[in-house]
Amino acid sequence: MTIAEQIAQLRTELNRHNHDYYVLDAPAISDFEFDQKLKRLLDLELTYPEFDDPNSPTKRVGGGVTSGFETVPHRSRMYSLDNSYSKQDLLDWETRIKKIIGDTVEYTCELKYDGASISLTYEHGNLVRAVTRGDGVQGDDVTANIRTIHSVPLQINPPFPDIFDIRGEIILPIAGFLEMNKMRTDKGEEPYRNPRNTASGSLKLQDSREVAKRPLECLLYSVVGSELYTDTQFGSLELARNWGFKVPEFNSHAKDMSSVFQFIDYWDVNRQNLPYEIDGVVVKVHNLKHQEQLGYTSKSPRWAIAYKFQAEQAMTRLEHISYQVGRTGAITPVANLSPVELAGTTVKRASLHNADQITKLDVRIGDMVYVEKGGEIIPKIVGVAMELRHPDAQQLEYISTCPECQTELIRNEGEAHHYCPNIDHCPPQIIGRIDHFISRKAMDIDGLGGETVALLVDNGLIKNYADLYTLDKAQLLPLERMADKSAENLIKGILKSKERPFHRVLFALGIRFVGETVAQNLATHFKSIDALIAANKETLLAVDDIGERIADSVIKFFSEDANVKMIEKLKSFGLQFSGQQDIETISDKLSGRSIVVSGVFERISRDDLKKLIEQHGGKVVGSISSKTDFVVAGDNMGPTKRVKAEKLGIPLKTENDFLLEFEYQGNTSARKNI
Ligand code: AMP
Ligand code: ZN
């Protein structure tokens, strides 16, 4: 076989396995075999750059930053859909179309995926372009970003037209959305509002590597073009599926309107069980000839109509607004409502997000408001029944001082939230920081929980987390519900926490954007708090996974006198501010090696595996770079990581090989303290 043939064959194979994994959810080969093939392809591509191809499966990791997106015309116009909200609307629509195409009309029913629309162009079976809807006539060329989405085939299966467009929706499944938010809130960042906005925002990210990290999917619903090898809408969806696109199986061929109604009723209830959000159903004329006959209005096809589900909505009275202060001082307004039943639960509170949202809604105390349960976990206010407003209702004035400590609030340019700057004396900020300090992944203090912390702060026994170490039993006993035994346990728990290793102490300090992994990396790199305090931006940026934002935040934290004093205090109480004291050294076999751990493991927990590496002198790092020595790869290793490792030529070791090498016996003592 020539080199060109070998490369072509590997690409075809890898594309097929990618499809098995991401579209069919049924991998046919092991990750290890996949990795081997990908590595072979990478090697060949590196050695023979003349065969480079933007659609090679090695390109899924993204790369290259765009400074702006080129506006390009659609090959054919992207229409929007007429909406309907009742079955009567649908019957009226049916009457209108029967006038044009006669009495026999059948339908294809599809789900209306709630994301961002995209038009993909394929030439000779290769993805050449992906364009956002824009104004329907032209949109933004976001091809580089779309290539990173694994369910978008870069090459499709024959037979196919020489050139055609296919349209679909880029969505973010709910599980992936929640996971992204968890990672953000862990780092002290604002969570994203809902999957739809996050999906459409992702398409406009300038760095395609960032897009590659997001668990986006592309669901297809429409093939555009004349030579389609099929004469029905339903058939065109099957065609797309055979080409290798992800087309959900829920579409249905409905022989008449009553079957359409059945489809609607079923999904109105069962949409809760889908892994992604839908906001309705799209009913399309089944026969493509009929579609052609019906044609388009200036805005939308006459042969399709969207049926929007009633968002689960209720009306109730806004009693008052309260303001919550978070650990970082961010203020969130919360609407307190007269209790109302909504989608099976009683709702008493709804988020109002921030001051701008209140202004936008022009919501006032005493108003009757519409509350909706959408994709968000917390219900939201979507509107005001203006006709029911009391004539004396006063426009709301946003608070200008902190509801907890009366300090004047600040609002930084470009930020949506107001902040209470009184970091040291504002109770919810104090309590929030202590809660974080004692949490399981930080100091993990036994016998101490959120309620007790509030009690201790309210009674003036502690003002910050350092004060915990000055408590004695006699001070605790007078507290409400504090029995002798629990006081004793609490003190014991606090003393015991002094043994927590440096990296956990560092995480516990609550420096903004310094999550677990970052703390670990900083601890490993600098080895002591003094070295970290002395570090400048340049030195910080040299550490794995540390970017501008984290570096700035670390510098800001240590530039504040109060923080440095607090650390001195903690030091004097005997907390660990250097080294890795908890690690008993077994060997120095891995000394000087940077190792990435990825995936899930069968015989050992991730934490134990990391510990094992450290016990042998190795350094565990969070992300793969050219400095990584090897990756210990479990099942389901992230595909992005996998491709990156291959690209950089970093070896992968399987769980078994690695454990064999280190004669790991499943020793339970290593598991004890996780
Ligand atoms: P609208 O934005 O309300 O005009 O609705 C039209 C949009 O619905 C289209 O641009 C698509 O992005 C989206 N959509 C989602 N699912 C489908 C589907 N099955 N068929 C057609 N459009 C869909
Ligand atoms: Zn305050």
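Take the sequence shown: its position 114, counting from 1, is numbered 964 in the numbering used here, and each next residue is one higher. Each residue gets a CB set at the ideal place from its N, CA and C atoms; glycine is no exception.
Note down the Cα distance separating residue i from residue j, rounded to an integer number of angstroms.
{"i": "residue 1243", "j": "residue 1407", "result": "44 Å"}
{"i": "residue 1364", "j": "residue 1399", "result": "10 Å"}
{"i": "residue 1237", "j": "residue 1229", "result": "23 Å"}
{"i": "residue 1189", "j": "residue 1270", "result": "30 Å"}
{"i": "residue 956", "j": "residue 1138", "result": "11 Å"}
{"i": "residue 1082", "j": "residue 1110", "result": "16 Å"}
{"i": "residue 1121", "j": "residue 1410", "result": "51 Å"}
{"i": "residue 1484", "j": "residue 1508", "result": "10 Å"}
{"i": "residue 1500", "j": "residue 1481", "result": "7 Å"}
{"i": "residue 899", "j": "residue 913", "result": "17 Å"}
{"i": "residue 968", "j": "residue 1261", "result": "36 Å"}
{"i": "residue 1153", "j": "residue 1119", "result": "26 Å"}
{"i": "residue 959", "j": "residue 1098", "result": "12 Å"}
{"i": "residue 1463", "j": "residue 1201", "result": "45 Å"}
{"i": "residue 978", "j": "residue 1185", "result": "48 Å"}
{"i": "residue 1308", "j": "residue 1301", "result": "10 Å"}
{"i": "residue 1379", "j": "residue 892", "result": "42 Å"}
{"i": "residue 1022", "j": "residue 1046", "result": "7 Å"}
{"i": "residue 1353", "j": "residue 1305", "result": "28 Å"}
For residue i, which residues in the same chain have their Cβ closer than 8 Å to its Cβ, ignoring the five residues on either side in sequence?
{"i": "residue 1215", "result": "1168, 1169, 1170, 1171, 1243, 1244 and 1246"}
{"i": "residue 1063", "result": "1490"}
{"i": "residue 1041", "result": "1031, 1034 and 1035"}
{"i": "residue 1339", "result": "1296 and 1297"}
By Cβ distance below 7 Å, which residues in the same chain neighbour residue i in space, the five residues on each side in sequence not counted?
{"i": "residue 855", "result": "none"}
{"i": "residue 1053", "result": "966, 982, 992, 995 and 1020"}
{"i": "residue 1255", "result": "1270, 1272, 1275, 1276 and 1277"}
{"i": "residue 1387", "result": "1401 and 1405"}
{"i": "residue 987", "result": "923, 924 and 927"}
{"i": "residue 1416", "result": "1314 and 1316"}
{"i": "residue 1222", "result": "1161, 1162, 1163, 1229, 1230 and 1232"}
Return helix, strand or coil for residue i, following the three-state DSSP convention.
{"i": "residue 1416", "result": "helix"}
{"i": "residue 851", "result": "coil"}
{"i": "residue 988", "result": "strand"}
{"i": "residue 1168", "result": "strand"}
{"i": "residue 1266", "result": "coil"}
{"i": "residue 1121", "result": "helix"}
{"i": "residue 1251", "result": "strand"}
{"i": "residue 1184", "result": "strand"}
{"i": "residue 1199", "result": "strand"}
{"i": "residue 1439", "result": "coil"}
{"i": "residue 1385", "result": "coil"}
{"i": "residue 1324", "result": "helix"}
{"i": "residue 1130", "result": "strand"}
{"i": "residue 1012", "result": "coil"}
{"i": "residue 1400", "result": "helix"}
{"i": "residue 1209", "result": "helix"}
{"i": "residue 983", "result": "coil"}
{"i": "residue 1189", "result": "strand"}
{"i": "residue 1079", "result": "coil"}
{"i": "residue 1233", "result": "strand"}
{"i": "residue 1312", "result": "coil"}
{"i": "residue 1394", "result": "coil"}
{"i": "residue 1318", "result": "helix"}
{"i": "residue 1350", "result": "coil"}
{"i": "residue 1379", "result": "helix"}
{"i": "residue 931", "result": "coil"}
Can you give me the Cβ contacts of residue i inside the same chain, cut-off strictly under 6 Å, excluding the 5 residues immediately before and after it?
{"i": "residue 1419", "result": "1316"}
{"i": "residue 1220", "result": "1163, 1165, 1232 and 1233"}
{"i": "residue 1444", "result": "1469, 1471, 1477, 1478 and 1479"}
{"i": "residue 1001", "result": "872, 873, 1067, 1068 and 1096"}
{"i": "residue 1525", "result": "Residue 1525 is absent from the model: the chain starts at 851 and stops at 1524."}
{"i": "residue 1511", "result": "none"}
{"i": "residue 1327", "result": "1337"}
{"i": "residue 1026", "result": "1065"}
{"i": "residue 1534", "result": "Given a span of 851 to 1524 for the chain in the structure shown, any question on residue 1534 remains unanswerable."}
{"i": "residue 1503", "result": "1480 and 1482"}
Verify the CB distance criterion: does residue i have a CB-CB separation below 9 Å to chain C?
{"i": "residue 1357", "result": "The question asks about chain C, but that chain is absent: this structure has only one protein chain."}
Quick one, what's near ligand 2 if you take every residue whose CB is closer than 6 Å to any heavy atom, in chain order?
1175, 1252, 1254, 1255, 1257, 1270, 1272 and 1276
Which residues, in chain order, sit with a beta-carbon under 5 Å away from any heavy atom of ligand 1?
930, 931, 960, 962, 963, 967, 1019, 1071 and 1132
Contact between the segment 1192-1203 and the segment 1285-1293: three or more CB pairs below 8 Å?
no
Just checking, does the segment 903-921 make contact with the segment 853-871 on the three C-beta pairs under 8 Å criterion?
yes
So, does the segment 922-937 touch the segment 1147-1161, judging by three or more C-beta pairs under 8 Å?
yes
Under 8 Å: do the segment 1083-1090 and the segment 973-989 share three or more Cβ pairs, one atom per stretch?
no
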